Every structure is written in C-alpha cells, then in structure tokens.
Amino acid sequence: MQAGFVQLSGVGVSGPASLPARCGLLSGLSWRGFYRVQRSCGARGLRGHYTDIRHRGTSKPEWFDVLDQTDLHTIVGKKLRHEVHRDGDWHRAVHVWLYDPASDAVLLQLRSAAKDTHPLCWDVSAAGHLHSGEHDLSTAAKRELEEELGIGSVEPELLFTVRSEYVDDHLRDREVQSVYVVCIPGAATATANADEADALGTSATSHTFLLQKEEVEQVRWMPLSEYLAAVEQHRAGYVPRPQAYIEKLRASLLPLN
1 MQAGFVQLSG
11 VGVSGPASLP
21 ARCGLLSGLS
31 WRGFYRVQRS
41 CGARGLRGHY
51 TDIRHRGTSK
61 PEWFDVLDQT
71 DLHTIVGKKL
81 RHEVHRDGDW
91 HRAVHVWLYD
101 PASDAVLLQL
111 RSAAKDTHPL
121 CWDVSAAGHL
131 HSGEHDLSTA
141 AKRELEEELG
151 IGSVEPELLF
161 TVRSEYVDDH
171 LRDREVQSVY
181 VVCIPGAATA
191 TANADEADAL
201 GTSATSHTFL
211 LQKEEVEQVR
221 WMPLSEYLAA
231 VEQHRAGYVP
241 RPQAYIEKLR
251 ASLLPLN
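Following the UniProt record's numbering, the numbering of the sequence shown begins with 1 at its first residue and continues without gaps.
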C-alpha cells in the first residue's frame with residue numbers, strides 16, 4: 001500500500017476505457033502569459049529542467065461543499081479549506097493534465113512553498129477544488145487552467161473519476177477527483193528546441209504560461225513513464241497518488257501517443 005494512503009474497500013474508478021484521439025484541442029488557444037517554460041523533457045531524449053517564473057493572482061478564503069461519507073453524490077454542508085483537511089471530510093476536486101502525445105510527456109507543476117498540502121512537490125499540471133455551490137466539473141477544470149497556468153479557450157476531456165484518501169499526522173485529505181486532459185502535440189519538443197535556439201542566438205516559438213504565485217512555483221515537462229515511475233516508487237518531491245489513479249492515468253494516456 002502506498003505510504004500515507006488508507007485502503008478503501010469497494011472503491012473503484014470510472015471513466016472511458018480509452019480516450020478518443022482528439023489531440024487537436026488547442027486550436028484557437030489563448031496563451032495569456034509572458035514567460036516561456038525553458039528546457040523541458042520529452043520521451044525522446046529531451047533534457048529535464050525547470051524554470052524561474054513570473055507570477056500573478058491573489059488569495060481569498062476557500063469554502064468547500066462537504067460530501068456525505070456514505071453517499072458521495074450528496075452534499076451535507078460546507079466548510080473552510082483548512083477545516084475540511086483537518087476533519088477529513090470528503091470533497092470534490094478536478095485535475096487537468098497537459099499532455100504532449102508526440103513526446104509522451106506531461107506538464108508538471110511545482111506546488112507553492114506556501115501551500116498547506118504537499119508544498120514544493122511536483123504535481124499534476126493544474127488542479128483545484130470545487131467551490132461551495134459549484135457543480136459544473138468542466139467549468140472548474142477550465143478555471144484551474146486559467147488561474148494556475150494562464151491558459152484559456154480550451155475544452156478539457158474527462159478521463160476518469162477516482163476517490164483518493166491521504167492521511168498523515170497533519171492532514172486528512174479525502175477527495176473525489178475528476179481527472180481531465182488537454183493534448184498539446186509537439187509542445188515539449190518545441191519548448192526544448194526553443195531553449196536550444198536561444199542558446200545559439202536564433203529565434204524559435206515556445207508555449208508560454210502565466211503562473212499563479214499562490215499555487216505554482218515552477219513548471220516542467222517530463223516523460224509520462226518517468227513521472228509514473230516516480231510516483232509508483234514513492235520518490236520524495238512528488239505528490240503521492242493511489243495506485244488506482246496511477247493505473248488509470250497510464251491506461252488513458254498511453255493510447256494517445
């Protein structure tokens with residue numbers, strides 16, 4: 001069993017057996033940023049590195065809907081973020097993976113040092129909780145991309161939903177996580193090539209991100225296989241994931257490359 005996780009009897013995951021190969025999801029994408037992600041890594045020899053960034057955003061109190069522990073479709077109240085994580089209440093969250101099928105690479109974010117959970121650990125591209133009273137998962141996923149990475153005008157594709165329960169001495173985090181993907185063919189390779197072109201004094205095109213300082217320190221591309229190995233081996237510096245999440249992510253993304 002993965003360290004920190006509590007086994008949930010009878011808990012499964014839901015989602016399509018495979019994701020339709022619709023990787024042209026970023027046509028007309030609005031990249032509202034001004035600092036390029038430098039030196040990314042892909043599955044075909046790209047070098048791994050991460051960046052310094054420019055930040056934006058402000059913080060405010062977060063209220064979450066609390067779910068009935070015996071019926072996770074039923075809302076029984078609302079609490080502040082720290083209360084939910086203190087009391088171990090079930091609540092909803094969305095994850096969005098940016099994926100480059102050409103390089104079989106995913107974008108990781110380094111969580112802010114100020115985060116109350118897993119600070120300075122590598123995590124999913126963008127993620128967040130549903131606000132109290134919010135019920136549209138797709139809208140929440142798009143909001144997190146916009147807030148954390150400055151990416152607008154996209155339609156994330158739902159991959160699966162999974163229950164995740166993480167408990168340690170300071171945290172009782174129980175989430176129903178809806179996991180989405182946005183495909184960006186060639187993004188990891190293009191970013192690495194742009195960095196190399198800069199070193200040679202030539203120009204190249206690269207994707208840009210505008211990072212939210214309260215949430216994200218840095219971002220980097222990593223081969224999917226390397227990321228999955230890191231979390232399966234419980235390496236320090238990565239947000240832990242239950243095995244069901246890892247297996248479902250692998251099964252959903254690998255057919256796209």
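From the three backbone atoms N, C-alpha and C, an ideal C-beta is built for every residue, glycine too. Since we're looking at a predicted model, the values are computed, not measured.
Task: Close beta carbons around Arg241, own chain, < 6 Å, minus the five adjacent residues each side - done: Val231
Task: Span separating the alpha-carbon of Leu256 from that of Pro223 - done: 14 Å
Task: Per-residue DSSP class, three states only, for Ser178 - done: strand
- [ ] Give every residue of the same chain whose Cβ lies closer than 6 Å to the Cβ of Ala113, excluding the five residues on either side of it in the sequence, and list them in chain order.
- [x] Pro119 and Leu120
Open item on the list: Can you tell me whether Asp68 is helix, strand or coil according to DSSP?
Closed with: strand
Task: Host alpha helix (DSSP H) of Arg250 (start-end) - done: Gln243 to Leu253
Task: Span of the beta strand (DSSP E) around residue 258 - done: Residue 258 cannot be examined here, being either before or after the span of the chain that is shown, 1 to 257.
Open item on the list: Please tell me whether Gly88 has its Cβ less than 8 Å away from any Cβ of chain D.
Closed with: In the structure shown, chain D cannot be found, because there is only a single protein chain.
TODO: Decide yes or no for the touch test of the region 94-106 against the region 172-188: beta carbon pairs closer than 8 Å, at least 3 of them.
DONE: yes
Open item on the list: When you compare the region 132-143 with the region 239-253, are there three or more beta-carbon pairs, one atom per stretch, that lie closer than 8 Å?
Closed with: no
- [ ] Would you mind reading off the limits of the beta strand (DSSP E) that contains Ala126?
- [x] Ala126 to His129
Open item on the list: Which residues does DSSP list as the beta-bridge partners of Gly150?
Closed with: Partner(s): none; Gly150 has no beta bridge.
Task: Expected contact under 8 Å - CB spacing of Trp221 and Ala105 to nearest Å - done: 5 Å
Open item on the list: Using only CA atoms, which one of Leu228, Lys79 and Tyr180 lies nearest to His95?
Closed with: Tyr180
Open item on the list: Using only the alpha-carbon positions, how far apart do Ser164 and Glu175 sit?
Closed with: 5 Å
- [ ] Kindly indicate the opening and closing residues of the alpha helix (DSSP H) around Tyr166.
- [x] That residue, Tyr166, is in no alpha helix (DSSP H); its beta strand (DSSP E) goes Glu157 to Val167.
Open item on the list: Relative to the C-alpha of Glu155, which candidate in Thr161, Leu149, Leu145 and Phe209 has its C-alpha closest?
Closed with: Leu145
Open item on the list: From the DSSP secondary-structure annotation, give me the bridge partner or partners of Arg220.
Closed with: Leu108
- [ ] Using 10 angstroms around the beta-carbon of Gln109, count the other beta-carbons present and answer buried if the total reaches 16, otherwise exposed.
- [x] buried
TODO: Less than 8 Å between the CB atoms is what I'm expecting for Leu211 and Leu149, so what's the real figure, rounded?
DONE: 7 Å
Open item on the list: Taking a contact to mean a Cβ-Cβ separation below 8 Å, would you say Trp97 touches Tyr238 in this structure?
Closed with: no
Task: CA-to-CA distance, Lys213 to Gly77, given in whole angstroms - done: 30 Å
Task: Range of the contiguous alpha helix (DSSP H) that encloses Val239 - done: Element bounds for Val239: n/a, residue is neither H nor E.
Task: Opposing strand residues paired with Arg172 [DSSP bridges] - done: Val167
- [ ] Locate the alpha helix (DSSP H) running through Pro87, then write down its first and last residues.
- [x] The amino acid occupying residue 87 in the given sequence is Asp; Pro does not appear at that position. That run of the alpha helix (DSSP H) goes Arg81 to Asp87.
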